[in-house]
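Report on the structure given below.
Number of protein chains: 2
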Amino acid sequence: MQIGDAAKATGVSAKMIRHYESIGLIPEADRRDSNYRDYGAGDVHRLGFIRRARDLGFSIDEIRELLRLWADRSRSSRDVKKLTLTHIAELDAKIALLNEMRASLAHLVHCCNGSDRPDCPIIESLAGTAPLTHHHH
Amino acid sequence: MQIGDAAKATGVSAKMIRHYESIGLIPEADRRDSNYRDYGAGDVHRLGFIRRARDLGFSIDEIRELLRLWADRSRSSRDVKKLTLTHIAELDAKIALLNEMRASLAHLVHCCNGSDRPDCPIIESLAGTAPLTHHHH
DNA sequence: CTAGACCTTCCCATCATGGGAAGGTCAAGC
DNA sequence: GCTTGACCTTCCCATGATGGGAAGGTCTAG
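Taken in order, these protein sequences are the chains called L and Z.
So for the first sequence, my numbering puts the first residue at 205; every next one is plus one.
So for the second sequence, my numbering puts the first residue at 205; every next one is plus one.
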């Protein structure tokens, strides 16, 4: 199986497969006489693993560790769970940050009438010249 | 005011101030005889604007447009609001993606007992060998 | 035998940011 | 005056994950 087929089978682009090899995330592929890389079922399985982990937002370093745990028959599920919980905490931090931004923006948008006129609390807030915002709900 | 002072005053690092100049986000700074960059109140104001926009997650290109709108006295607040709503939509897309990842991970973690034993539904799911998960709530 | 669909390596780009080297400038203290 | 240390300058490189594209080799179907 050449790299394009492995890419189609796993959803990991040929570019990325080569990249993963270059950074040592996957072992160097076998080569045919033509120098084309040759992939087997095991390789495809590993690439599928990587793609699923990427889809869940794991970083390359985390995936490296996950692959190690996958290969380690004596791993404890505790170790896997711990890594996963750490990753969830990272996601939570990102989500919280984005939600803060979103809330601030939503407030500004709420205060902007969006008319033809130039006075805009959004710009004023960015300029640091915004008056204190008063809420009258 | 030299670059370090402008950095302290605005929370934008000296590195980034030079970078913003190099990409044309801010005009070229005045220079002293020493070739040191020299900043005035207007520059500091602009850098503060940029920092606040960055803190709200606007991209450099969006900030470029915001600066243009800021400088344009005949802008309509509608244009600012539109840009901001677009940015909120981008944030929402990112948040939704992260939340999906988080939910999938939380489910897997929930299914993993985290013991000394090696059998781990998290790894099995990544490996694509996970049995269908049944929920018994 | 040729066309075209693959493959190879290599370099460059993204986005926002920082690290660090090599060298110039300036102010304070001796 | 001279040294020291804290600035500044430019330039190059790195991140993380991915893609674009060039120049050239290989394979397969017609």
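Just so it is clear, CB atoms sit at the ideal spot from N, CA and C, and this is done for glycine as well.
{"Item": "Alpha helix (DSSP H) segments (min. 4 residues) lying fully within the region 210-234 of chain Z", "Value": "218-226"}
{"Item": "Interface partners of Ile299(L) on chain Z, CB under 8 Å", "Value": "Ile299, Leu302, Asn303, Arg306"}
{"Item": "Closest residue to Ala300(L) among Gly252(Z), Gly261(Z), Asp276(Z) (Cα-Cα distance)", "Value": "Gly261(Z)"}
{"Item": "Cβ-based neighbour list, Leu270(Z), same chain, cut-off 8 Å, excluding 5 preceding and 5 following", "Value": "Phe253, Ala257, Phe262, Val284, Leu287"}
{"Item": "Cβ of Ile230(Z) within 8 Å of any chain L Cβ", "Value": "no"}
{"Item": "Where Val313(Z) meets chain L, residues with beta-carbon distance less than 9 Å", "Value": "Lys285, Thr288, Leu289, Ile292"}
{"Item": "In DSSP terms, what Arg241(Z) is bridged to", "Value": "Arg235(Z)"}
{"Item": "Where the alpha helix (DSSP H) containing Pro325(L) begins and where it ends", "Value": "325-331"}
{"Item": "Asp283(Z) - DSSP class collapsed to helix/strand/coil", "Value": "helix"}
{"Item": "is_contact[Ser263(L), chain Z] using C-beta, thresh 8 Å", "Value": "no"}
{"Item": "Residue from Pro231(L), Leu229(L), Arg250(L), Asp242(L) whose Cα sits closest to the Cα of Gly215(L)", "Value": "Arg250(L)"}
{"Item": "Whole-Å CB distance - Ala211(Z) paired with Ile221(Z), under 8 Å assumed", "Value": "6 Å"}
{"Item": "Exposure label - Tyr240(Z); buried when at least 16 CB within 10 Å", "Value": "exposed"}
{"Item": "Rounded distance between the beta-carbons of Val313(L) and Ile292(Z), thought under 8 Å", "Value": "7 Å"}
{"Item": "Separation of Val248(Z) from His223(Z), as counted between CA atoms", "Value": "15 Å"}
{"Item": "Own chain partners of Ser170(L) with C-beta closer than 8 Å, once the 5 adjacent residues on each side are dropped", "Value": "The structure shown does not extend to residue 170(L), since chain L is modelled only from 205 through 341, so no value can be given for it."}
{"Item": "Test: Leu251(L) CB closer than 8 Å to a CB of chain Z", "Value": "no"}
{"Item": "Beta-carbon spacing of Gly318(L), Ser281(Z) below 8 Å", "Value": "yes"}
{"Item": "Where Ile327(L) meets chain Z, residues with beta-carbon distance less than 9 Å", "Value": "Phe253, Leu270, Leu273, Trp274, Arg279, Ser281, Val284"}
{"Item": "Integer Cβ distance of Asp244(Z) from Met205(Z), believed to fall under 8 Å", "Value": "Checking the displayed sequence, the identity of residue 244(Z) turns out to be Gly instead of Asp. With a Cβ gap of about 7 Å, Gly244(Z) and Met205(Z) count as contacting."}
{"Item": "Straight-line gap, Cys315(L) to Asn303(Z) (C-alpha atoms, nearest Å)", "Value": "28 Å"}
{"Item": "Under 8 Å between C-beta atoms of Leu273(Z) and Met305(L)", "Value": "no"}
{"Item": "First and last residue of the uninterrupted alpha helix (DSSP H) at Arg268(Z)", "Value": "264-275"}
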